[in-house]
Amino acid sequence: MTTVRARLYRSLDPEAWPTPGLSPLNRAVTTIVFFSIVAAILESEPEVHKVSPEGFALLNIVIVMLFTVEYVLRLWAMGENTKYAGVSGTIKYAVTPASLIDFIATVALWGDVIYQIEGVYGVLLRLARVFRLLRLARKSKWAVAFKLLGQAVAERKRELALSFGFTGTVLLVAATVLFLVEGTAQPEAFGSIPRSLWWAVATLTTIGYGDVYPITALGKVCASVVAITSIAIIAMPTGIMAAAFSDVFSGQKGTKNDKEGPA
Numbered sequence: 040m041t042t043v044r045a046r047l048y049r050s051l052d053p054e055a056w057p058t059p060g061l062s063p064l065n066r067a068v069t070t071i072v073f074f075s076i077v078a079a080i081l082e083s084e085p086e087v088h089k090v091s092p093e094g095f096a097l098l099n100i101v102i103v104m105l106f107t108v109e110y111v112l113r114l115w116a117m118g119e120n121t122k123y124a125g126v127s128g129t130i131k132y133a134v135t136p137a138s139l140i141d142f143i144a145t146v147a148l149w150g151d152v153i154y155q156i157e158g159v160y161g162v163l164l165r166l167a168r169v170f171r172l173l174r175l176a177r178k179s180k181w182a183v184a185f186k187l188l189g190q191a192v193a194e195r196k197r198e199l200a201l202s203f204g205f206t207g208t209v210l211l212v213a214a215t216v217l218f219l220v221e222g223t224a225q226p227e228a229f230g231s232i233p234r235s236l237w238w239a240v241a242t243l244t245t246i247g248y249g250d251v252y253p254i255t256a257l258g259k260v261c262a263s264v265v266a267i268t269s270i271a272i273i274a275m276p277t278g279i280m281a282a283a284f285s286d287v288f289s290g291q292k293g294t295k296n297d298k299e300g301p302a
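The numbering of the sequence shown is my numbering, which starts it at 40 and goes up by one.
Pasting the structure below:
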């Protein structure tokens with residue numbers, strides 16, 4: 040007969056769940072974490088927070104209590120794993136990276152609830168729950184996509200390094216040129232190479248804030264060349280990653296078809 044602790048262990052430990060992905064209980068925990076993150080983001084907006092500050096405070100209390108119960112149950116259920124059996128096993132599990140992430144996130148939330156921390160630090164404490172979401176996401180179906188993303192980057196790391204190296208070189212050259220041709224006319228904006236780098240980054244990334252721009256004829260010519268070059272610079276890593284994703288996903292699809300065999 041399966042004990043309550045054994046059922047909890049299989050449901051709360053992603054490694055013990057017999058099928059791919061998360062258990063229904065862990066999916067429920069993930070959903071709660073996700074909506075609590077959304078609430079923390081909305082609460083950071085003063086106009087939203089002042090609509091019902093008591094409501095947000097109550098929501099934070101409910102969330103931290105749910106997280107605390109889930110953390111305690113997880114510690115208790117881990118005793119089903121022979122590696123974490125007994126008091127010493129519980130302590131051993133408590134200091135694992137996954138458990139420490141849960142503990143730190145829970146303590147941060149309790150600190151926010153008890154001390155009612157406002158401002159930036161309060162928002163940071165509430166967003167600590169993101170780490171719980173990331174921990175559970177490692178074992179969800181999304182983990183496959185993240186794994187493929189990492190594989191794609193790893194397979195094209197040399198090409199990407201070359202692309203970023205070229206981008207850095209162009210940034211430095213553009214900043215230097217604008218410093219030479221615009222530095223005298225606009226010392227506040229282009230009076231040094233580091234100052235000119237702000238314009239170079241904004242231009243090469245096609246953001247173009249417009250707060251800094253050349254005013255001399257030669258400066259405008261140079262800026263035009265840099266702006267046109269930025270198109271190629273953005274296209275290089277984009278093309279590399281697109282090809283990498285195509286290769287990785289095609290390879291995974293081929294492997295899956297090989298395992299399934301002919302119809």
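The C-beta atom is built at its ideal place from N, Cα and C for all residues, glycine as well. Remember, it's a predicted structure, so these values are computed and weren't measured experimentally.
Three or more pairs of CB atoms, one per stretch, sit closer than 8 Å, so the segment 144-155 contacts the segment 91-110.
Under the three-pair Cβ rule at 8 Å, the segment 230-247 counts as touching the segment 198-215.
Uninterrupted alpha helix (DSSP H) stretches at least 4 residues long and entirely within the segment 216-280 occur at 226-229, 232-243, given in chain order. Out of Thr215, Ala116, Gln225, the CA that lies nearest to the CA of proline 233 is found in Thr215.
In the structure shown, serine 83 falls within a coil segment according to DSSP collapsed to helix, strand and coil.
Short of 8 Å from the beta carbon of tyrosine 123, and not among the five residues preceding or following it, lie these beta carbons of its own chain, in chain order: Met117, Thr129, Lys131, Tyr132. With respect to the 8 Å criterion, valine 68 and glutamate 109 are classified as neighbours on the basis of their beta carbons. Within a 10 Å sphere around the beta-carbon of glutamine 155 sit fewer than 16 other beta-carbons, which makes this residue exposed. Counting along the chain, arginine 195 sits inside no alpha helix (DSSP H), nor does DSSP assign it H or E at all. Residues Pro253 of the same chain have their beta carbon placed closer than 8 Å to that of lysine 259, with the five preceding and five following residues left out of the count.
Look at proline 57 here: in three-state DSSP terms it is coil, with no helix or strand label.
Rounded to the nearest whole angstrom, the C-alpha separation of isoleucine 273 and leucine 166 is 32 Å. The beta carbon of leucine 219 sits closer than 8 Å to none of the beta carbons in its chain outside the five residues before and after it.
One thing to note: serine 202 has its Cβ no nearer than 8 Å to the Cβ of isoleucine 267. Remark: C-beta atoms of alanine 224 and phenylalanine 284 do not approach each other more closely than 8 Å. Under the 10 Å beta carbon count, valine 72 is surrounded by 16 or more other beta carbons and is classified as buried. Per DSSP, reduced to three states, the secondary structure at serine 62 is coil, with no helix or strand assignment. For leucine 47 against proline 53, the beta-carbon gap comes to about 13 Å, at or over 8 Å, which does not count as contact. DSSP places isoleucine 156 in no alpha helix (DSSP H); its state is neither H nor E. Arginine 113 is a Cβ neighbour of leucine 51, given a cutoff of 8 Å.
Excluding sequence positions up to five before and after asparagine 99, its CB lies within less than 6 Å of the CB of Val152, all in the same chain and listed in chain order. Pairing alanine 262 with valine 90, the inter-Cα distance amounts to about 48 Å. Short of 8 Å from the beta carbon of alanine 282, and not among the five residues preceding or following it, lie these beta carbons of its own chain, in chain order: Arg195. Assignment of aspartate 52 by DSSP, reduced to helix, strand and coil, places it in the coil class. Sequence-distant Cβ neighbours of valine 265 in its own chain, meaning closer than 6 Å and more than five residues away, are Ala213, Thr242. Between valine 134 and isoleucine 76 the beta-carbon gap is near 26 Å, outside 8 Å, which marks them as no contact.
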